[in-house]
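**Student:** Residue numbers (this note's numbering), protein chains in the order written: chain A, 3 to 70; chain B, 14 to 260; chain C, 23 to 375.
Ideal Cβ placement from N, Cα and C applies to all residues, glycine included.
Got a structure here, written out as structure tokens. Questions coming.
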């Protein structure tokens with residue numbers, strides 16, 4: 003299992019990472035609104051993460067750190 | 014083991030770009046290349062006028078803000094001042110292909126040993142979505158509200174194809190950043206464009222087909238799909254010139 | 023006393039720039055200043071410098087912007103229509119507080135105008151020359167020797183105050199040949215910690231920029247710049263006074279107009295008219311105090327210009343209504359003859375106008 007860390011305060015909720023993930027690990031957190039006014043991304047299925055970093059590759063704001 | 018983190022050359026400043034704007038991806042790729050080539054300490058970037066006008070805040074290398082379209086001329090000065098500097102410009106389509114066309118063509122013709130990162134998103138983003146020199150035929154923008162009528166305002170400019178006719182430039186490639194595979198290819202092209210400069214080979218331009226969800230009036234995901242559907246067919250990806258290929 | 027060499031004004035500027043440590047020149051051909059570029063094209067490659075013919079005046083001034091941002095002495099030269107094209111770059115240089123030397127060997131205008139000498143870019147040079155609140159140091163040579171001296175001085179002032187120095191010459195000064203001494207004390211350029219030279223990963227990045235989106239911040243940069251301008255106005259004014267001790271008439275003239283005027287003044291003196299001249303050498307900062315002081319003792323001023331009357335506005339502001347100021351001028355590439363200036367002096371002496 004890989005480890006994901008998010009700088010949630012910088013997230014703009016664009017969802018490109020969610021779409022890029024091949025394992026449906028990510029979702030926008032509808033229960034949270036960050037300082038920028040967006041629903042930030044969160045891992046909803048982290049145990050499925052394979053550490054491919056597709057999410058981080060597509061993140062325009064460089065808020066995702068991936069460890070394996 | 015860390016498999017992905019923010020590159021050192023990218024600053025911690027929050028990017029001002031709209032949600033889903035791919036400028037941020039390209040910024041990161043440039044910064045990753047600076048890290049990998051170990052050149053951040055001798056790199057000087059030139060920011061344009063347009064959405065990426067504040068790029069000077071986003072890179073940790075020394076930066077200059079240039080007048081609209083003049084980045085290649087400013088870069089020429091910086092490079093001629095000290096050829097050991099690694100100099101890149103980061104320009105949008107209005108900056109590079111409209112108001113700055115002369116500077117673009119002539120720096121390419123001189124084979125100026127600089128790296129040009131050219132963001133083609135077919136629109137003027139910063140001013141609110143006007144028609145760009147690269148807006149597609151029929152594309153609706155604020156200043157082409159009935160769609161770009163090529164009989165009235167002419168055809169889009171294909172920068173890589175045009176520059177490839179010159180003897181000057183070393184390397185021209187068009188890439189896109191609308192999916193993981195394309196982003197990885199874009200990274201390779203950007204890296205090569207910087208390596209060319211490090212190796213003294215000359216003018217290297219990477220045209221990056223990018224999205225502008227806000228001014229295209231689409232969700233970020235839909236905008237990436239639109240790149241596949243509309244942009245890439247008009248602006249085919251690939252290498253348009255590589256003088257050192259096979260050598 | 024050093025050896026003198028016979029040189030054209032334009033060439034004297036070029037050689038003086040090299041002596042002052044300028045190793046980067048960018049320009050675009052335009053009459054009547056092309057000798058500067060030709061001289062640089064020959065000399066720069068031999069001394070490890072850069073001469074580059076740009077694709078336009080706009081590109082040339084932006085190449086200047088790039089070199090200046092790296093902290094090195096750099097220049098461009100042009101003539102009136104080309105200076106208009108450089109206007110954008112001049113404003114950006116001012117906004118980013120970058121030093122540069124820009125030479126304008128003026129020709130008649132407006133538009134494409136002609137190629138004969140003129141002083142009709144006075145407004146453009148002294149009142150900013152492009153958008154935004156800013157000034158350039160404007161130096162007006164009246165001899166080939168001064169073409170060289172003011173070039174050296176211009177680089178030093180530009181570095182000292184982080185702004186553009188403009189040599190405001192004209193076609194006559196550029197083409198004229200005179201003996202010139204090229205022996206100068208060169209002030210070393212000050213340290214430029216703001217320059218973009220690469221961080222070496224040892225310091226935070228430097229940013230050369232003229233964009234300030236917060237109005238409070240932009241206002242602050244403007245006020246700071248004008249504090250500097252105020253200091254310059256108090257400390258850097260240069261002028262020549264000629265026969266002003268007992269003068270009752272004061273001629274105001276710079277550059278080639280001042281040379282013509284000297285002849286006219288000598289003739290007027292021979293006729294018993296007490297006339298002298300204040301020749302501004304810096305057009306900005308303008309010798310306002312000197313003209314104001316003269317206004318306390320002379321009865322009239324004559325502004326002699328190769329334009330429709332531009333400097334006369336600054337003379338009138340300085341004189342502040344204390345004496346009449348008349349214009350003696352030719353325009354469009356014509357030069358006033360000494361007889362015309364003499365007639366203007368005589369008219370002023372009679373208290374006409």
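#1: Interface residues of chain B around residue 80 of chain C at Cβ under 9 Å?
#2: Who does residue 98 of chain C pair with in a DSSP beta bridge?
#3: Could you compute how far the alpha carbon of residue 278 of chain C sits from the alpha carbon of residue 329 of chain C?
#4: Name the residues in the segment 51 to 70 of chain A whose C-beta lies less than 8 Å from a C-beta of chain B; which are they?
#5: Specify the secondary structure class of residue 130 of chain B as computed by DSSP and reduced to three states.
#6: Is the Cβ of residue 39 of chain C closer than 8 Å to any Cβ of chain B?
#7: Could you check whether residue 64 of chain A and residue 19 of chain A sit closer than 8 Å to each other, using their CB atoms as the reference points?
#8: Beta carbon of residue 183 of chain B, beta carbon of residue 204 of chain B: below 8 Å?
#9: Is there contact between the segment 73 to 93 of chain B and the segment 146 to 164 of chain B, where contact requires at least three CB pairs shorter than 8 Å?
#10: Using 8 Å as the limit for Cβ to Cβ distance, is residue 16 of chain A near chain B?
#11: Residues of the segment 105 to 117 of chain C in Cβ contact with chain B at a cutoff of 8 Å, in chain order, please.
#12: Rounded to whole angstroms, what's the CA-CA distance from residue 3 of chain A to residue 173 of chain B? Just pull it up for me.
#13: Can you pull the chain B neighbours of residue 91 of chain C, defined as C-beta to C-beta under 7 Å?
#14: Could you tell me whether the segment 60 to 70 of chain B touches the segment 135 to 148 of chain B, where touching means 3 or more Cβ pairs closer than 8 Å?
#15: Using a Cβ-Cβ cutoff of less than 6 Å, which residues in the same chain neighbour residue 158 of chain C once the five nearest sequence positions on both sides are dropped?
#16: To the nearest angstrom, how far is the alpha carbon of residue 258 of chain C from that of residue 186 of chain B?
#17: Kindly give me the distance between the Cβ atoms of residue 240 of chain B and residue 189 of chain B, rounded to whole angstroms, as I take these residues to be in contact under 8 Å.
#18: Run through DSSP, which three-state label would residue 253 of chain B get?
#19: For the structure I just gave you, are there three or more beta carbon pairs, one from the segment 97 to 117 of chain C and one from the segment 141 to 150 of chain C, closer than 8 Å?
#20: Tell me which residues share the same chain as residue 251 of chain B and place their Cβ nearer than 8 Å to its Cβ, disregarding the 5 neighbours each side in the sequence.
#21: Would you check if the segment 222 to 235 of chain B and the segment 27 to 46 of chain B touch, i.e. whether three or more CB-CB distances between them fall below 8 Å?
#22: Take residue 53 of chain A and list the residues in its own chain whose beta-carbon comes closer than 6 Å to its own, dropping the five residues that flank it on each side.
#23: With a Cβ-Cβ cutoff of 8 Å, do residue 202 of chain C and residue 162 of chain C count as a contact?
#24: Could you check which residue in A:15, A:49, A:7, A:58 has the C-alpha nearest to that of residue 37 of chain A?
#25: On the DSSP letters alone, give me the boundaries of the beta strand (DSSP E) that residue 334 of chain C sits inside.
#26: Rounded to the nearest angstrom, what separates residue 109 of chain C and residue 83 of chain B at their Cα positions?
#27: Taking all protein chains shown into account, do 16 or more other C-beta atoms lie within 10 angstroms of the C-beta of residue 104 of chain B, making it buried, or fewer, making it exposed?
#28: Measure from the alpha carbon of residue 131 of chain B to the alpha carbon of each residue in B:235, B:15, B:156, B:171, then state which is nearest.
#29: Between residue 4 of chain B and chain A, is any beta-carbon pair separated by less than 8 Å?
#30: Tell me which residue opens and which closes the alpha helix (DSSP H) that residue 206 of chain C is part of.
#31: Quick check on DSSP: helix, strand or coil for residue 264 of chain C?
#32: Nearest to residue 376 of chain C by alpha carbon, out of C:244, C:216, C:79?
#33: Could you give the distance in angstroms between the alpha-carbon of residue 111 of chain C and the alpha-carbon of residue 179 of chain C?
#34: Along the beta strand (DSSP E) that carries residue 7 of chain A, what are the first and last residues, could you check?
#35: Considering only C-alpha positions, which residue in the set B:146, B:77, B:117, B:99 is nearest to residue 106 of chain B?
#36: So residue 40 of chain A contacts chain B; which residues on that side make the cut at Cβ distance below 8 Å?
**Tutor:** With the structure as the only source:
#1: Ordered by position in chain B, the residues that pass the 9 Å Cβ test against residue 80 of chain C are 80, 82, 83, 86, 115, 116.
#2: C:124
#3: Rounded to whole angstroms, residue 278 of chain C to residue 329 of chain C spans 12 Å at the Cα level.
#4: 53, 55, 56, 58, 59, 60, 61, 62, 63, 64, 66, 67, 68, 69, 70
#5: strand
#6: no
#7: no
#8: no
#9: Taking 8 Å as the limit for Cβ pairs, the verdict is that the segment 146 to 164 of chain B does not touch the segment 73 to 93 of chain B.
#10: yes
#11: Cβ contacts with chain B come from 110, 111, 114.
#12: Answer to the nearest angstrom: the Cα atoms are 43 Å apart.
#13: Per Cβ cutoff of 7 Å: 77, 91.
#14: yes
#15: 186, 188
#16: Answer to the nearest angstrom: the Cα atoms are 53 Å apart.
#17: 6 Å
#18: strand
#19: yes
#20: 186, 187
#21: yes
#22: 4, 68, 70
#23: For residue 202 of chain C and residue 162 of chain C, no; Cβs fall outside 8 Å.
#24: A:15
#25: Not the beta strand (DSSP E): residue 334 of chain C falls in the alpha helix (DSSP H), residues 333 to 341.
#26: 13 Å
#27: buried
#28: B:171
#29: Nothing can be reported for residue 4 of chain B, as the shown portion of chain B is limited to 14 through 260.
#30: From DSSP, residue 206 of chain C is part of no alpha helix (DSSP H); its letter is neither H nor E.
#31: Correct three-state label for residue 264 of chain C: strand.
#32: Within the shown structure, residues of chain C are numbered from 23 to 375, placing residue 376 of chain C beyond reach of any answer.
#33: 19 Å
#34: 5 to 8
#35: B:146
#36: 32
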